[in-house]
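Chemist: So in our numbering the end of the sequence shown lands on 346, straight run, no missing numbers.
Quick one: the structure is below, and I'll ask about it shortly.
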Amino acid sequence: MKKKIMASMAAAVIAFSMNPFMGAAVAGAAQISAPANAVKMQQTQVPGYYRLMVGKYEVTALLDGIGRLPTSLLENHTDFTKAQLDAMIDGELAPRDKDGVMIGAINAYLVNTGDHLILIDAGKGEGVAPIYTDKLGRLVDSLKASGYKPEQVDAVVFTHLHSDHIMGITHEGKRVFKNATLYLQKKDKAFWVDAPIETLPEPARPFAKDAHYTMQPYVDAGKIKVYTSGDTLFGEVQSVPLPGHTPGHTGFLFSSQGEKILFWGDVMHNVAVQMQHPEVAIDFDSDDAAARTTRLALMKKLAANKTIVAGAHIPFPGLGRLLQEGEGYRWVPVQYTVFDQH
Ligand SMILES: [Zn+2]
């Protein structure tokens with residue numbers, strides 16, 4: 005037996021010298037006699053939050069869940085064929101689920117300004133759609149894991165009023181954030197909340213229904229304020245009009261101590277394609293030409309200024325910067341940092 009193992013090890017050494025990949029497999033085979041040590045896999049993930057400081061602001065990314073992004077969503081908004089789009093996705097090694105559909109994140113963010121605890125977007129909550137993999141959004145679990153409580157949030161702003169950005173504020177018809185005032189952008193409120201549902205285009209109606217349901221408890225409690233994109237909120241946060249995805253789609257720019265971060269909502273959905281080809285739009289854009297114009301102009305500016313971007317559908321934590329690369333961009337995620345010292 006011993007002689008046999010020695011022989012196979014020698015073979016492994018020879019094979020390794022000829023082909024390192026093949027050799028590794030053979031070397032592994034030589035270890036068959038090692039005693040088994042079957043330890044149960046944990047099959048859990050780290051808590052869904054990530055934190056960084058941007059000047060004086062403490063920013064916490066909160067994972068709400070995972071979304072599915074079929075390539076077909078892009079096909080009507082580009083000259084690229086499905087095969088070309090799939091090649092780009094595979095070229096970036098973007099993850100796909102068991103059905104071969106590319107997956108992405110649903111992110112929300114919490115900013116502690118020192119005076120306010122502001123939630124930016126709120127995940128999908130009870131929302132139901134084929135793009136969601138979870139039955140319920142994980143926003144509150146992630147927020148609690150990050151050390152905060154829902155009742156500490158005093159303001160909620162939304163980049164826009166699509167279901168995957170708003171529904172986490174209401175659970176079973178009740179307010180999740182009992183001490184929070186909602187700040188709604190004027191045009192998005194008029195479209196998604198105030199207009200009678202039957203007056204809206206057919207594809208917008210399910211979103212509007214979700215918006216009506218989600219906002220009602222806050223309307224009843226008198227917890228709604230309205231702003232116009234471009235307004236300064238809380239005396240320090242610049243709201244930035246980023247039209248196209250929805251009529252009132254808005255970013256939120258925080259600047260402090262020479263650093264800037266822009267929460268850009270749904271300027272981008274498919275990182276694998278739209279980073280290198282920002283001209284490609286998506287079915288979810290209510291005005292794809294306007295969304296394209298916004299994206300192209302914004303990315304150029306953000307790359308030049310090295311502004312940190314927080315993206316609702318960029319792989320979690322969705323925080324990073326843009327580097328111009330040819331006509332497109334490369335995404336440079338933030339690196340893990342620590343707060344304490346050992
Ligand atoms: Zn979205």
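Built from N, CA and C at the ideal position, the CB exists for glycine as well.
Do THR82 and VAL275 count as a contact pair if the criterion is CB distance below 9 Å?
Modeler: As a first step, residue 275 is located in the sequence shown; it is residue number 271 there, counting from the start. As a first step, residue 82 is located in the sequence shown; it is residue number 78 there, counting from the start. No. Outside cutoff.
Chemist: Sort ASP270, ASP214, LEU147 by Cα distance to TYR53 and report the nearest one.
Modeler: The residue labelled residue 53 in the question sits at position 49 within the sequence shown. Per the Cα distances, LEU147.
Chemist: Closer than 8 Å: is that where the CB of GLY269 sits relative to any heavy atom of ligand 1?
Modeler: Counted from its first residue, the sequence shown places residue 269 at position 265. Yes, since a heavy atom of ligand 1 falls inside the 8 Å radius drawn around the Cβ of GLY269.
Chemist: How many angstroms separate the CA atom of GLY71 from the CA atom of PRO134?
Modeler: Locating residue 71 in the sequence shown gives position 67, where the first residue counts as 1. Locating residue 134 in the sequence shown gives position 130, where the first residue counts as 1. Rounded to whole angstroms, GLY71 to PRO134 spans 9 Å at the Cα level.
Chemist: Can you have a look at GLY322 and say buried or exposed, based on whether 16 or more other CB atoms are within 10 angstroms of its CB?
Modeler: Within the sequence shown, numbered from 1, the residue matching residue 322 stands at position 318. Label assigned to GLY322: buried.
Chemist: Apply the 10 Å Cβ neighbour rule to VAL336 and answer buried if 16 or more other Cβ atoms are within range, or exposed otherwise.
Modeler: Position 332 of the sequence shown, counted from the first residue, corresponds to residue 336. VAL336 is exposed by the Cβ-count criterion.
Chemist: Out of curiosity, what's the CA-to-CA distance linking LYS305 and ARG325?
Modeler: Here residue 305 refers to the residue found at position 301 when the sequence shown is read from its first residue. Here residue 325 refers to the residue found at position 321 when the sequence shown is read from its first residue. Cα to Cα, LYS305 sits roughly 11 Å from ARG325.
Chemist: Any idea if LYS139 is buried or exposed, counting beta-carbon neighbours within 10 angstroms, 16 or more meaning buried?
Modeler: By 1-based counting over the sequence shown, the position of residue 139 is 135. Flag for LYS139 reads exposed.
Chemist: Taking Cβ positions, are LEU123 and ALA65 nearer each other than 9 Å?
Modeler: Working through the sequence shown from its first residue, we reach residue 123 at position 119. Working through the sequence shown from its first residue, we reach residue 65 at position 61. It is not a contact, given that the beta carbons lie outside the stated cut-off.
Chemist: Classify SER37: buried if its beta carbon has 16 or more other beta carbons within 10 angstroms, exposed otherwise.
Modeler: As a working note, residue 37 is residue 33 in the sequence shown. With fewer than 16 Cβ atoms within 10 Å of its Cβ, SER37 is classed as exposed.
Chemist: Measuring from the CB of ASP158, is there a heavy atom of ligand 1 at a distance below 8 Å?
Modeler: The residue labelled residue 158 in the question sits at position 154 within the sequence shown. ASP158: no, Cβ never under 8 Å from ligand 1.
Chemist: In chain order, what residues of the same chain lie with their CB nearer than 7 Å to the CB of HIS281, ignoring the 5 residues before and after it?
Modeler: For the purposes of this step, residue 281 is taken as the residue at position 277 of the sequence shown. GLY332, listed in sequence order.
Chemist: In whole angstroms, give me the CA-to-CA distance for GLY255 and TYR222.
Modeler: Residue 255 sits at position 251 when you count from the first residue of the sequence shown. Residue 222 sits at position 218 when you count from the first residue of the sequence shown. Cα to Cα, GLY255 sits roughly 22 Å from TYR222.
Chemist: Which one of LYS310, LEU204, LEU246 has the shortest CA to CA distance from ILE265?
Modeler: Locating residue 265 in the sequence shown gives position 261, counting from the first residue. Minimum Cα distance to ILE265 is reached at LYS310.
Chemist: If you check the beta carbons only, do THR236 and ASP192 fall under 9 Å apart?
Modeler: Walking along the sequence shown from the start, residue 236 turns up at place 232. Walking along the sequence shown from the start, residue 192 turns up at place 188. Cβ distance not < 9 Å, so THR236 and ASP192 don't count as in contact.
Chemist: What residue does the alpha helix (DSSP H) around GLU79 start on, and which one ends it?
Modeler: As a working mapping, residue 79 is identified with position 75 in the sequence shown. Run containing GLU79: 76-79, per the alpha helix (DSSP H) assignment.
Chemist: Using a Cβ-based criterion (distance less than 8 Å to any ligand heavy atom), does ILE110 qualify as near ligand 1?
Modeler: The residue labelled residue 110 in the question sits at position 106 within the sequence shown. ILE110: yes, Cβ under 8 Å from ligand 1.
Chemist: Measuring from the CB of PHE162, is there a heavy atom of ligand 1 at a distance below 8 Å?
Modeler: Here residue 162 refers to the residue found at position 158 of the sequence shown. PHE162 Cβ: outside cutoff for every heavy atom of ligand 1.
Chemist: Buried or exposed for LEU302, going by 16 or more other Cβ atoms inside 10 Å?
Modeler: Here residue 302 corresponds to residue number 298 of the sequence shown, with the count starting at 1. By the 10 Å Cβ count, LEU302 comes out buried.
Chemist: Which ranges would you report for the alpha helix (DSSP H) in the segment 201-260 if only whole runs of at least 4 residues count?
Modeler: 209-224
Chemist: Please state the DSSP three-state secondary structure of ASN111.
Modeler: Counted from its first residue, the sequence shown places residue 111 at position 107. Strand.
Chemist: From the DSSP output, in three-state form, read off ARG142 for me.
Modeler: What you label residue 142 is simply residue 138 of the sequence shown in a count that begins at 1. The answer is coil: DSSP assigns ARG142 none of H, G, I, E or B.
Chemist: Would THR48 pass as a contact of PHE238 if the rule is Cβ separation under 9 Å?
Modeler: Locating residue 48 in the sequence shown gives position 44, counting from the first residue. Locating residue 238 in the sequence shown gives position 234, counting from the first residue. Contact flag unset, no.
Chemist: Assuming contact is defined by CB atoms lying nearer than 9 Å, are ALA316 and TRP268 in contact in what I supplied?
Modeler: By 1-based counting over the sequence shown, the position of residue 316 is 312. By 1-based counting over the sequence shown, the position of residue 268 is 264. For ALA316 and TRP268, yes; Cβs fall inside 9 Å.
Chemist: Please state whether DSSP places GLU331 in a helix, a strand or coil.
Modeler: Residue mapping note: residue 331 aligns to position 327 of the sequence shown, counting from 1. Of the three classes helix, strand and coil, the one that applies to GLU331 here is coil, per DSSP.
Chemist: Under DSSP, the beta strand (DSSP E) around ASP292 begins and ends at which residues?
Modeler: For the purposes of this step, residue 292 is identified with residue 288 of the sequence shown, where counting begins at 1. Run containing ASP292: none in the beta strand (DSSP E); it sits in the alpha helix (DSSP H), 292-309.
Chemist: For a test of your reading of the model: does the CB of PHE195 fall under 8 Å from any non-hydrogen atom of ligand 1? Yes or no.
Modeler: Translated into the one-based positions of the sequence shown, residue 195 becomes position 191. Outside the cutoff, so no.
Chemist: Are there any heavy atoms of ligand 1 lying less than 8 Å away from the beta-carbon of PHE211, as far as the coordinates show?
Modeler: Along the sequence shown, one-based indexing puts residue 211 at 207. Outside the cutoff, so no.
Chemist: How should ALA14 be labelled, buried or exposed, when 16 other C-beta atoms within 10 angstroms of its C-beta is the threshold for buried?
Modeler: Taking the sequence shown and counting its residues from 1, the one referred to as residue 14 is at position 10. Unreliable placement is indicated for ALA14, whose pLDDT of 47 sits below 50; the coordinate value is still reported in the next sentence. The residue is exposed, with fewer than 16 neighbouring Cβ atoms inside 10 Å.
Chemist: Where do the N-terminal and C-terminal ends of the beta strand (DSSP E) with ALA314 fall, by residue?
Modeler: As a first step, residue 314 must be located in the sequence shown, where it is residue number 310. 312-315 is the extent of the beta strand (DSSP E) around ALA314.
Chemist: Indicate whether LEU204 and ALA212 have their beta-carbon atoms separated by less than 9 Å.
Modeler: In the sequence shown, the residue the question calls residue 204 occupies position 200. In the sequence shown, the residue the question calls residue 212 occupies position 208. Inclusion of LEU204 and ALA212 in the CB contact set at 9 Å is warranted, their separation being smaller than that value.
Chemist: Given this structure, state the Cα-to-Cα distance separating TYR61 from ILE170, to the nearest angstrom.
Modeler: In the sequence shown, counting from the first residue as 1, residue 61 sits at position 57. In the sequence shown, counting from the first residue as 1, residue 170 sits at position 166. Using only the alpha carbons, I get a separation of about 23 Å.
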